[in-house]
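Trainee:
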Amino acid sequence: MLIAANFSTEEQIINLPYEVTKDLTPKAYKRFCTIKNELLTLPAYGYFLGDK
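Position 40 of the sequence shown, counted from 1, bears residue number 143 in my numbering, the numbering being contiguous throughout.
If you want it as structure tokens, here you go:
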């Protein structure tokens with residue numbers, strides 16, 4: 104399981120150590136987080152839940 108949180112006031116881009124196969128983030132927050140080619144973009148004060 105992967106849990107990523109951004110406690111910053113700015114958007115953050117994180118290079119993930121593996122490919123995420125399942126996005127477990129609640130639907131209300133999915134529009135704010137994006138995953139593309141193992142890069143996770145988190146908005147300010149956002150979070151992401153996923154599984155490999």
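Ideal placement from N, C-alpha and C gives every residue a C-beta, glycine not left out. Predicted model only: the values in this text are computed from it and were never measured.
Whole-angstrom Cβ separation of Tyr132 and Gly149, contact assumed at under 8 angstroms?
Mentor: About 7 angstroms separates the two Cβ atoms, so the contact holds.
Trainee: When you compare the CB positions of Thr124 and Cys136, do they come within less than 7 angstroms of one another, or not?
Mentor: Contact: no.
Trainee: Which residue from Arg134, Leu152, Lys155, Ile117 puts its Cα closest to that of Leu142?
Mentor: For Leu142, the nearest C-alpha among the options comes from Ile117.
Trainee: Buried or exposed for Phe151, going by 16 or more other Cβ atoms inside 10 Å?
Mentor: So Phe151 counts as buried.
Trainee: Go ahead and label Asn205 buried or exposed: buried means 16 or more other beta carbons lie within 10 angstroms of its beta carbon, across all protein chains shown.
Mentor: No answer is possible for residue 205: the residues shown for the chain start at 104 and end at 155.
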